[in-house]
Structures are given as structure tokens and as C-alpha cells.
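Here the structure is laid out as C-alpha cells; the discussion comes afterwards.
In my numbering, the protein residues as written are 3 to 63.
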């Protein structure tokens, strides 16, 4: 993860619950901001996002 948009959008739209940061390329201040953004984001349970998650669950079976 390298930007704030991705940090919140992944949670809000895709219910993402894991965040990966590059240890050699992500500076502390950015990592801190990304972490806060990620942790404060909440899944938007819109119908289209729920449908998307159902498709992923089907593929995982």
C-alpha cells in the first residue's frame, strides 16, 4: 500500500482487512498516516460491494 486513497478505499469498498507496507520504501510518517487511515475506514455495505464479496467467496470455494 502506497497511498491514502488505497488505504481507505480497500476497506470501504472491498472489506479489506490486511495492509502490507514496503519496509524499505515506506517512510515512518507515511506508514503512520496509512495505518491510521486504514484503521479508521469502515466497510460501506452497499449492495454492489456485498455482491462483489459474494463473488470472491464463491471463487475461494
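By construction, the Cβ of each residue, glycine as well, lies at the ideal position given by its N, Cα and C atoms.
Opening and closing residue of the alpha helix (DSSP H) in which residue i lies
i	result
residue 13	6 to 16
Per-residue burial, residue i [other beta carbons within 10 Å of its own, 16 or more giving buried]
i	result
residue 9	buried
residue 20	exposed
Pairwise C-alpha distance: residue j and residue i
i	j	result
residue 50	residue 57	11 Å
residue 47	residue 3	23 Å
residue 40	residue 27	18 Å
residue 62	residue 31	35 Å
residue 36	residue 6	6 Å
DSSP three-state assignment for residue i, whether helix, strand or coil
i	result
residue 31	helix
residue 41	helix
residue 61	helix
residue 56	helix
residue 23	coil
8 Å Cβ cutoff met for residue i and residue j
i	j	result
residue 53	residue 14	no
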